[in-house]
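**Student:** When we follow the numbering used here, the leftmost residue of the sequence shown carries the number 13, and every step to the right adds one.
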Amino acid sequence: MLLRHTPKEITERKALTINPAKTCQPIGAMYAALGIHGCLPHSHGSQGCCAYHRSALTRHYKEPVSASTSSFTEGASVFGGQANMLQAINNIFSVYNPDVIAIHTTCLSETIGDDLPQIKKKAETEGKIPKGKYVISASTPSYSGSHVTGFSNMVTAMADMAEPSGKKNGKINVIPGWVEPADMEEIKRLTNMVGVKTILFPDTSGVLNGPLSGEYKMFPDGGTTVAELKSTADSIGTLALGEWCSADAARLLDKKHKVPCSVLDMPFGLKATDRFIDALRTVAGVTVPDEVSMERGQLVDMISDMHQYFYKKKVALAGDPDQLIAMTEFLVSIDMCPVHIVTGTPGKKFEKRIKEITKDMGCKVNVKAKGDLFLLHQWIKNEPVDLLMCNTYGKYIARDEDIPLVRWGFPILDRQGHQYFPTVGYKGGLRLLEKILGVLLDRKDRDSPEETFELVL
Ligand code: SF4
13 MLLRHTPKEI TERKALTINP AKTCQPIGAM YAALGIHGCL PHSHGSQGCC
63 AYHRSALTRH YKEPVSASTS SFTEGASVFG GQANMLQAIN NIFSVYNPDV
113 IAIHTTCLSE TIGDDLPQIK KKAETEGKIP KGKYVISAST PSYSGSHVTG
163 FSNMVTAMAD MAEPSGKKNG KINVIPGWVE PADMEEIKRL TNMVGVKTIL
213 FPDTSGVLNG PLSGEYKMFP DGGTTVAELK STADSIGTLA LGEWCSADAA
263 RLLDKKHKVP CSVLDMPFGL KATDRFIDAL RTVAGVTVPD EVSMERGQLV
313 DMISDMHQYF YKKKVALAGD PDQLIAMTEF LVSIDMCPVH IVTGTPGKKF
363 EKRIKEITKD MGCKVNVKAK GDLFLLHQWI KNEPVDLLMC NTYGKYIARD
413 EDIPLVRWGF PILDRQGHQY FPTVGYKGGL RLLEKILGVL LDRKDRDSPE
463 ETFELVL
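#1: Spatial neighbours of residue 81 within its chain, please: C-beta separation below 6 Å, excluding the five flanking residues on both sides.
#2: In whole angstroms, give me the CA-to-CA distance for residue 382 and residue 53.
#3: Beta-carbon within less than 6 Å of residue 234's beta-carbon, same chain only, minus the 5 sequence neighbours each way: which residues are those?
#4: DSSP three-state call for residue 260: helix, strand or coil?
#5: Got a sec: does the ligand SF4 put a non-hydrogen atom nearer than 7 Å to the Cβ of residue 154?
#6: Using a threshold of 7 Å, is the CB atom of residue 64 nearer than that to any non-hydrogen atom of the ligand SF4?
#7: Among residues of its own chain, excluding the 5 on either side of residue 425, which ones have a beta-carbon nearer than 7 Å to its beta-carbon?
#8: With distances taken Cα to Cα, identify the nearest neighbour of residue 307 among 438, 110 and 16.
#9: Look up residue 61 in the DSSP assignment and say whether it is helix, strand or coil.
#10: Hey, would you say the C-beta of residue 57 is under 7 Å away from at least one heavy atom of the ligand SF4?
#11: Where does residue 119 fall in DSSP's three states?
#12: So the alpha helix (DSSP H) residue 330 belongs to, where does it begin and stop?
#13: Report yes or no: do the segment 198-212 and the segment 315-327 share at least 3 C-beta pairs separated by less than 8 Å?
#14: Can you give me the C-alpha to C-alpha distance between residue 214 and residue 189, rounded to a whole angstrom?
#15: Taking contact to mean at least 3 C-beta pairs separated by less than 8 Å, is the segment 450-461 in contact with the segment 411-421?
#16: Identify every residue that forms a DSSP beta bridge with residue 249.
#17: Considering Cα atoms alone, identify which of 151, 85 and 90 is closest to residue 37.
#18: Exposed or buried, which one is residue 376 when buried takes at least 16 other CB atoms within 10 Å?
#19: With contact counted as at least three CB pairs below 8 Å, one residue from each stretch, are the segment 258-265 and the segment 273-284 in contact?
#20: Between residue 137 and the ligand SF4, is there a pair consisting of the residue's CB and a ligand heavy atom that are separated by less than 7 Å?
#21: Considering only heavy atoms of the ligand SF4, does any lie closer than 7 Å to the CB of residue 358?
#22: I need the boundaries of the alpha helix (DSSP H) containing residue 7, first residue and last residue.
#23: Can you list, in chain order, the residues of its chain with a C-beta nearer than 6 Å to that of residue 350? Leave out the 5 residues immediately preceding and following it.
#24: Between residue 18 and residue 386, is the Cβ-Cβ spacing less than 8 Å?
#25: To which residues of the same chain is residue 408 closer than 7 Å at the C-beta, ignoring the five residues directly before and after it?
#26: With 16 other CB atoms within 10 Å as the buried threshold, where does residue 106 fall?
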């Protein structure tokens, strides 16, 4: 009973978050920046913030995460961090020689009011940025938004690197949103199978799920290159997967370089993956190959085989808006009932979209943007569920209420492997179903009396 003080009675709260369903903006910016090849993320603030952001990513991805910091002390906190930033740019290019420094702010530097574009300009004027090297920046104050906002802001800064060459490249930009490195790999595999040339950004595959080779590389082989990011201005279109994580970057490319964009849901589950494949097919003018149809058919087969176990099972979900929208649609499509859904990220559009997806489900749905895990727990106490899908923080609720838990989202701190196995696309759908059914049937086995403890389920 670790959360024994959570009461069943729900009291309206406006100015208090308990057990947040989100983390701070710079973590998202740092994760996105790691998806650029040869990039060193830089935290403009105190060392403590940077240490926390790096460790949060390392604990989830189980990989070392390099990042530098402006190392604010009392002086910078009072007079501003320009001098620290200029010194940092000089040091980083001299010592580590990255292709790109991706700077994000923190609560402290935002509160002081440091102007990153102006500092960057000063660094350029003073010759601190070597030729062929780049400094990009995103404003990521953690007292607004969430890690999702920080991710989106950094991806938008990447889109701002686009430079038209005057000649179209025949490619489609795909912005995958905050998904696992294995999901990014899977999106590339699917686009290759459909026969579409793409520029995927950011791309953390090969960076945060790379091999153990025995040789240390400051900058791993993966990541979207600077040349590719520049070339996004020459692409024939952009597919942004997720309104919260990816749409701003896609719209910037549309506005600045007339690269038309479509905003789709993240391809979790059957319907969202269908829409992604269909969009690829339409934009590139190709037909869907048999191998892709085969994978789709396997997912449909697995859904029909397992349907009896999913039917009308109640689910509680916590996570990020883009993932939750697609996952809710997937669960409804297999006749499960997502009845409690929270995200820590603000945005009323989220609640509207969830209500649309669940409107024909036939039961009441609790949904809250800018909610927290305390509220989710209270909802569960009032209406128990058969399954909880949440990041590692959900394990406290799962233990107290004795609910099967599927770890899903960010961060997962107490299990491994999520960075290697995709959950997007048709193949990813198979993995999600396997995980969900596994915990439901483990529970059935555990609770069955001897006379109904079956060998074959
Ligand atoms: S001070 Fe702000 S940026 Fe730094 S760790 Fe805390 S919430 Fe994040």
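Just so it is clear, CB atoms sit at the ideal spot from N, CA and C, and this is done for glycine as well. None of these values were measured; they are calculated from a predicted model.
**Tutor:** Reading from the atomic positions:
#1: 55, 59 and 62
#2: Rounded to the nearest angstrom, the two C-alpha atoms are 27 Å apart.
#3: 217, 218 and 219
#4: Under the three-state reduction of DSSP, residue 260 is assigned to helix.
#5: yes
#6: yes
#7: Excluding the 5 residues flanking it on each side, residue 425 has same chain C-beta neighbours closer than 7 Å at 71, 72 and 404, in chain order.
#8: 438
#9: It is helical.
#10: Yes, Cβ of residue 57 sits closer than 7 Å to a heavy atom of the ligand SF4.
#11: Here residue 119 sits in helix by DSSP.
#12: It is not in any alpha helix (DSSP H) - residue 330 instead sits in the beta strand (DSSP E) that spans 326-331.
#13: no
#14: 8 Å
#15: yes
#16: Residue 249 is bridged by DSSP to 184.
#17: 151
#18: Counting Cβ neighbours within 10 Å, residue 376 comes out exposed, since fewer than 16 surround it.
#19: yes
#20: no
#21: no
#22: Because residue 7 is not part of the residues shown, which for the chain are 13 to 469, the question remains open.
#23: Same-chain partners within the cutoff: 327, 329, 340 and 343.
#24: yes
#25: 14 and 15
#26: exposed
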